[in-house]
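Below is one structure, written out as structure tokens; comments come after it.
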Amino acid sequence: MTEIVDNCDVLATLDVLCPMHVRLDKFGKITHAGPTVTKLYGDQTILGNRFLEAFELNRPHSITSMETLLVAAGKKLHLKKRVEPQTGLKGVLMPCSDGGAIVNLSFGISILDAVQEYSLNASDFAATDLTIEMLYLVEAKSAAMEAHRKLNQRLQGAKIAAEEQAYTDTLTGLKNRRALDHILPRMVEDRTPFGLLHVDLDFFKEVNDTKGHAAGDIVLQHVAKVLVDSSRGDDVVARVGGDEFVLVINGTIDPEILGRICTRIIKEVERPVAYKDSLCKVSASVGIAIYNGEGDASAEQLMDDADVALYASKHDGRATYTLYAPKLRENNSLAINH
Amino acid sequence: MHGLVNRAIQCFVRDSYGLSRWLEVTRRAGVEVTDFEAMLHYDDGITDNLIAAAKDVIGVPEETVLEDLGTYLVTHPNVEALRRLLRFGGVDFVDFLHSLDELPDRAKLAVDDLDLPSMEVRQHSTETFSLTLKGDRPGFGYVMIGILRTLADDYGALVFLEHRGAQADAEVIDITLVEQAFASGREFELGARAG
Numbered sequence: 001m002t003e004i005v006d007n008c009d010v011l012a013t014l015d016v017l018c019p020m021h022v023r024l025d026k027f028g029k030i031t032h033a034g035p036t037v038t039k040l041y042g043d044q045t046i047l048g049n050r051f052l053e054a055f056e057l058n059r060p061h062s063i064t065s066m067e068t069l070l071v072a073a074g075k076k077l078h079l080k081k082r083v084e085p086q087t088g089l090k091g092v093l094m095p096c097s098d099g100g101a102i103v104n105l106s107f108g109i110s111i112l113d114a115v116q117e118y119s120l121n122a123s124d125f126a127a128t129d130l131t132i133e134m135l136y137l138v139e140a141k142s143a144a145m146e147a148h149r150k151l152n153q154r155l156q157g158a159k160i161a162a163e164e165q166a167y168t169d170t171l172t173g174l175k176n177r178r179a180l181d182h183i184l185p186r187m188v189e190d191r192t193p194f195g196l197l198h199v200d201l202d203f204f205k206e207v208n209d210t211k212g213h214a215a216g217d218i219v220l221q222h223v224a225k226v227l228v229d230s231s232r233g234d235d236v237v238a239r240v241g242g243d244e245f246v247l248v249i250n251g252t253i254d255p256e257i258l259g260r261i262c263t264r265i266i267k268e269v270e271r272p273v274a275y276k277d278s279l280c281k282v283s284a285s286v287g288i289a290i291y292n293g294e295g296d297a298s299a300e301q302l303m304d305d306a307d308v309a310l311y312a313s314k315h316d317g318r319a320t321y322t323l324y325a326p327k328l329r330e331n332n333s334l335a336i337n338h
Numbered sequence: 339m340h341g342l343v344n345r346a347i348q349c350f351v352r353d354s355y356g357l358s359r360w361l362e363v364t365r366r367a368g369v370e371v372t373d374f375e376a377m378l379h380y381d382d383g384i385t386d387n388l389i390a391a392a393k394d395v396i397g398v399p400e401e402t403v404l405e406d407l408g409t410y411l412v413t414h415p416n417v418e419a420l421r422r423l424l425r426f427g428g429v430d431f432v433d434f435l436h437s438l439d440e441l442p443d444r445a446k447l448a449v450d451d452l453d454l455p456s457m458e459v460r461q462h463s464t465e466t467f468s469l470t471l472k473g474d475r476p477g478f479g480y481v482m483i484g485i486l487r488t489l490a491d492d493y494g495a496l497v498f499l500e501h502r503g504a505q506a507d508a509e510v511i512d513i514t515l516v517e518q519a520f521a522s523g524r525e526f527e528l529g530a531r532a533g
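Protein sequence lines correspond, in order, to chains A and B.
Sequential numbering from 1 applies to the first sequence in the working numbering.
Sequential numbering from 339 applies to the second sequence in the working numbering.
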């Protein structure tokens, strides 16, 4: 191996000013490397290697010799180390009077990985280099961003909980009227067929009056359980008033099936509920309206139909169900208006 | 999907077509959320549904929706900051093109959980380039076409862009630079921060 000599006295100065510079002779061989470039190669030496063998030049492209390299003087070079880790680098080359050149290198965006891979510290950069400031900014930004993200997640969690609370009946855990008012119009808009059951308890007032509100609450919870057990996961069960409930049976418009559901609900609701030493007995009346997914029905209209049918059940002596039909409006007009 | 992406779709539809059209898109997409948070993550399916719904509501092909979204991202005054960040990439359009290699890393520098498709720019001659995008979800290439077309105007360059279609897991865009300095372009000063 030939001895590598360079007499350019400016190199020691450059080691401090530009610790990532390399000096090339007129053949394109590296005759000197700044301390940080030397660090990138660890135990290996790049002195004596041709610059284009040590680094792969990505841009400008088709540079394969020292002559073509000199043409790129002053332009931004994009290159990377040929040996692992193949850190991407930026550089700029300026020719020297002896036909050689000096190339100053910098990490560019690869600095974030490079500081770890090469255990770089402040002394590896020139005192005037802004890299340390940039690393500081990146860390400060990441910390602020992380705090921001955590706050966001907390707020989002709180928002979801608040929304859920706003749509939930706290006593029974069922949905409330607000939730139903949100869901029902959407189902009609999407033309999703459904059966709408309006359930009103019979004799609930008596329980409340004779045994107190605590007993009434237990009855309501019992009814809520019956309704949930009588429906499927994608049905909607809501408590819309003191002792009024609405079930939306998703996709079911067969009156017979809906009737069977009502029969079961009435039977189960009628099971006496124990409160202290006594039993509470209530029953239920149901009005059914059906939306077949066609026509220009509105959620409001359907709720009103179910209501009319419910009054017909009440009129029929309670503990029964009625399917809405337009003629009910004539028969029941007195009941509705009172 | 990163909230920034859904947020971008939201702002694009809202600012270009009005709030009621945006609400129609969310309804049609079956999405409960109407106001996406930029720094939260959402199910990937939501993004797909939003784009499919936007296509129907606006009444143009999906590619057009995506391309217009790209254009929106670098033209609308509401998102001026993004145009500026992209202009940091280079002093002229070719320089900018080459900076796209680093775009996913630069984006990560700003938002570290944002995964953009990887991008590779190849220069085939002085005036022909190709951009290869690799990611798990095709379609981003059309967004890039909107961005590139607008940025070319921004730099005052005249370019032809062609989406070569998705190949395996990659999308390729052919870029032909007709004239680097065709028009004067828009000014860009490093120090002029976007409001």
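We put the beta carbon where it would ideally sit given N, CA and C, even for glycine.
- Within its own chain, the residues whose Cβ lies closer than 8 Å to the Cβ of residue 497 of chain B, once the five positions on either side in sequence are excluded, are 431, 486, 487, 490, 513, 514, 515 and 516, listed in chain order.
- Residue state for residue 414 of chain B is assigned as coil, using DSSP reduced to three classes.
- Closer than 9 Å to the CB of residue 433 of chain B there is at least one CB belonging to chain A.
- With a threshold of 16 other beta carbon atoms within 10 Å, residue 509 of chain B meets it and is buried.
- Assignment of residue 404 of chain B by DSSP, reduced to helix, strand and coil, places it in the helix class.
- Closest in alpha carbon position to residue 502 of chain B, among B/521, B/454, B/381 and B/467, is B/467.
- Residues of chain A whose Cβ lies closer than 8 Å to the Cβ of residue 362 of chain B do not exist, since the nearest Cβ in that chain is about 11 Å away.
- It is roughly 23 Å from the alpha-carbon of residue 90 of chain A to the alpha-carbon of residue 97 of chain A.
- Within chain A, the residues 59 and 61 have their CB atoms less than 8 Å from the CB of residue 461 of chain B, given in chain order.
- For residue 202 of chain A, the enclosing beta strand (DSSP E) has its first and last residue at 194-202.
- Considering only beta carbons, the part of the segment 86-114 of chain A lying closer than 9 Å to chain B consists of 88, 108, 109, 110 and 112, in chain order.
- In summary, residue 71 of chain A is exposed, with fewer than 16 beta-carbon neighbours lying within 10 Å of its beta-carbon over all protein chains present.
- Every beta strand (DSSP E) of 3 residues or more that sits fully in the segment 413-493 of chain B is shown, in chain order, as 456-461 and 466-472.
- In this structure, A/240 is the residue among A/214, A/240, A/165 and A/167 with its C-alpha nearest to the C-alpha of residue 201 of chain A.
- When secondary structure is reduced to three states using DSSP, residue 172 of chain A falls in the coil class, being assigned neither helix nor strand.
- Inter-residue distance for residue 79 of chain A and residue 35 of chain A is about 19 Å (C-alpha atoms, whole angstroms).
- Pairwise C-beta distances place the segment 404-421 of chain B out of contact with the segment 288-304 of chain A, as fewer than three of them are shorter than 8 Å.
- Residue 405 of chain B counts as buried, since at least 16 other C-beta atoms from the protein chains shown sit within 10 angstroms of its C-beta.
- When DSSP states are grouped into helix, strand and coil, residue 248 of chain A belongs to the strand group.
- Taking 9 Å as the threshold, the shortest C-beta distance from residue 298 of chain A to chain B does not fall below it.
- Secondary structure of residue 214 of chain A (DSSP, three-state): helix.
- For residue 375 of chain B, the three-state secondary structure derived from DSSP is coil.
- Between the alpha carbons of residue 49 of chain A and residue 483 of chain B lies a distance of about 42 Å.
- If you draw a straight line from the Cα of residue 520 of chain B to the Cα of residue 427 of chain B, it is about 20 Å long.
- Straight-line spacing of the CA atoms in residue 245 of chain A and residue 237 of chain A works out to 7 Å.
- From the beta-carbon of residue 378 of chain B, the residues of chain A found nearer than 9 Å are 149, 152, 153 and 156.
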